[in-house]
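J.: Structure below; questions to follow.
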Amino acid sequence: VSIKTAQEDEDADLASALEFLRKQFPDQPIWSERLVSLLFNTGDMRKAMTILEPIMIDDVKELRVQSVRKSAEAARLEGESLRAIRILEKALEAHPDDLSLLNNLIYTLTQVPEGLPRARMLLPRLLNSGNNSFTILDTIAMVYLRSGDLDRARDFMDEAIRRLDDNDYSAAETRLNEAELLFAMGRYEEARVRTEAVRRRSEISGMLDARAKRLLDEIRSQQGRI
């Protein structure tokens with residue numbers, strides 16, 4: 412099992428072995444963490460997001476930050492943003508200086524209307540971090556977009572796109588965020604082209620595809636009025 416997980420194998424035998432180990436050794440969270448990582452990589456988000464929560468209730472500090480982040484991301488990709496926020500808030504209490512948790516929490520908060528005030532409150536910590544990765548720049552841009560500050564959103568999104576790693580699993584979502592910003596700016600044709608390009612990517616999640624479809628409908632509606 413250790414060899415296969417180190418090599419990132421994704422076969423059914425490995426999943427069964429990890430399931431067996433986590434039940435046989437419930438006091439060893441490493442097996443649950445490795446199973447979550449495997450399920451996340453194979454797209455079984457619903458099961459992945461449920462495995463770590465019982466452990467988190469007892470002591471989130473027992474878990475690696477990466478595992479908690481994947482559990483929260485699995486919840487978000489299943490459309491359960493509030494659940495993801497709860498996971499990230501709890502994890503951030505245990506690891507207050509972890510920038511990846513802070514970034515994911517702020518981004519997820521932008522996905523629900525009631526989360527924007529807290530996202531804006533936490534934003535200075537991200538701005539002052541000095542980190543210029545595309546994922547953090549994208550998050551900052553989304554806070555400004557949701558707040559109606561399109562000029563600042565455009566500045567940070569331009570830099571995020573410039574630094575984008577298209578091999579990263581979150582690249583497609585950043586591309587779609589850019590399309591949403593272009594739509595908000597009234598640049599409908601550019602937004603349409605970028606959204607359709609996102610939908611052509613084979614690796615996008617069902618949640619992201621549904622969001623892209625909704626954006627395309629809005630774009631076409633606006634173009635039909637011109």
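In short: position in the sequence shown from 1, add 411, done, that's the numbering used here.
Every residue gets a Cβ at the ideal spot worked out from N, C-alpha and C, and that includes glycine.
Please read these numbers as outputs of a predicted model, since none were measured by experiment.
Does DSSP put I615 in a helix, in a strand, or in coil?
T.: I615: coil per DSSP, three-state reduction.
J.: Is D424 close to chain D, meaning its C-beta is less than 7 Å from at least one C-beta of that chain?
T.: Checking the listed chains, one finds no chain D in this structure; it contains a single protein chain.
J.: Would you report the Cα separation of K458 and D508, rounded to the nearest angstrom?
T.: So the alpha carbons of these two residues sit roughly 28 Å apart.
J.: What do you reckon, are the CB atoms on M532 and L561 nearer than 7 Å?
T.: No, they are not a contact pair.
J.: Got a sec, what are the start and stop residues for the alpha helix (DSSP H) Q477 sits in?
T.: 476-488 is the extent of the alpha helix (DSSP H) around Q477.
J.: Quick check on the burial criterion: 16 or more other C-beta atoms within 10 angstroms. Buried or exposed for Y580?
T.: Label assigned to Y580: exposed.
J.: Following the continuous alpha helix (DSSP H) through V609, name the residue where it begins and the one where it ends.
T.: Start and end: 599-610.
J.: Would you tell me roughly how many angstroms separate the C-alpha atoms of P535 and E600, rounded to the nearest one?
T.: Taking the straight line from one Cα to the other gives about 33 Å.
J.: Is G541 helix, strand or coil by DSSP?
T.: Looking at G541 - three-state DSSP - the assignment turns out to be coil, as it is neither helix nor strand.
J.: My output table needs one value for P528: the three-state DSSP class, helix, strand or coil.
T.: Helix.
J.: If you reduce the DSSP assignment to three classes, tell me which class V523 lands in.
T.: Correct three-state label for V523: coil.
J.: Which same chain residues end up closer than 6 Å to R494 when comparing Cβ atoms and leaving out the 5 residues on each side of it in sequence?
T.: Here the set comprises A486.
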